[in-house]
Amino acid sequence: MFSVSAATLTVIWVVLLIVFLVLEAVSVQLVSAWFAVGALAALIANLCGLNVVWQIVLFLAVSAICLVATRPLVKKLTAAKIQKTNADRCIGAEAVVIEEINNLEPTGQVKAVGTVWTERSADNSVIPKGAVVIVERMEGVKLIVRNKSNDSF
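Structural data, given as structure tokens:
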């Protein structure tokens, strides 16, 4: 086994602690916080007189425990948060035609989810005012709809 002085180990653990903290500070994501905590635990173990093997074991164990304990929180913080827009809420919804839909003239408006939208017919049919339609998709700022009365079950 190799022999390292307590003073040298103190320097090593302090340097590792600083490196992990700096790496964490300059990165945008959590990448080394767990190792910084592990290095701190090993530094304390060194100052208490534990031998190098126990310091390394403590460093690895504390780092692993911190990683496992904070993993759910990290996943929650780093998960992509998708903010639904008005268009997302409209797709699949029923809407009422408030201006006749005619793709050839380009006219037509519907009221969907409390908002008035310009729209086009999915099958190029003329849909009269007052008809109930289903929003299939959105293209640009126009809703593409189909007449609900044409649906067959």
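When you line the sequence shown up against the numbering used here, it's residues 134 to 286, in that order. Note that the Cβ used here is the ideal one computed from N, Cα and C, for glycine as well. These numbers were taken from a predicted model, which means no experiment stands behind them.
The alpha helix (DSSP H) with residue i in it runs from where to where?
i, result
"Leu142", "139-159"
"Gly171", "166-180"
Would you mind stating whether residue i and residue j have Cβ atoms separated by less than 9 angstroms?
i, j, result
"Val246", "Val229", "no"
"Ala169", "Leu150", "yes"
"Thr143", "Asn179", "yes"
"Ile231", "Arg270", "no"
"Leu156", "Val164", "yes"
In angstroms with no decimal places, state the Cα-to-Cα distance between residue i and residue j.
i, j, result
"Val159", "Val137", "31 angstroms"
"Asn283", "Ala264", "11 angstroms"
"Asn280", "Ala212", "38 angstroms"
"Cys181", "Asp221", "60 angstroms"
"Val259", "Gln162", "53 angstroms"
"Val274", "Thr251", "7 angstroms"
"Ile305", "Lys209", "Residue 305 is absent from the model: the chain starts at 134 and stops at 286."
"Asn257", "Glu227", "18 angstroms"
"Phe286", "Trp167", "Because the pLDDT of Phe286 is 45, which lies under 50, any placement of that residue in the model is unreliable, and the number read from its coordinates should be weighed accordingly. Cα to Cα, the separation comes out at about 57 angstroms."
"Val278", "Leu193", "59 angstroms"
Based on DSSP bridge pairs, tell me the residues matched to residue i.
i, result
"Lys275", "Glu272"
"Glu227", "Ile267"
"Glu232", "Gln242"
Could you please give the first and the last residue of the uninterrupted beta strand (DSSP E) stretch that includes residue i?
i, result
"Ser254", "248-254"
"Gln242", "240-245"
Query raised in the report: Is it true that the region 177-186 meets the region 196-205, where meeting means three or more beta-carbon pairs spaced less than 8 angstroms apart?
Result: Touching, no.
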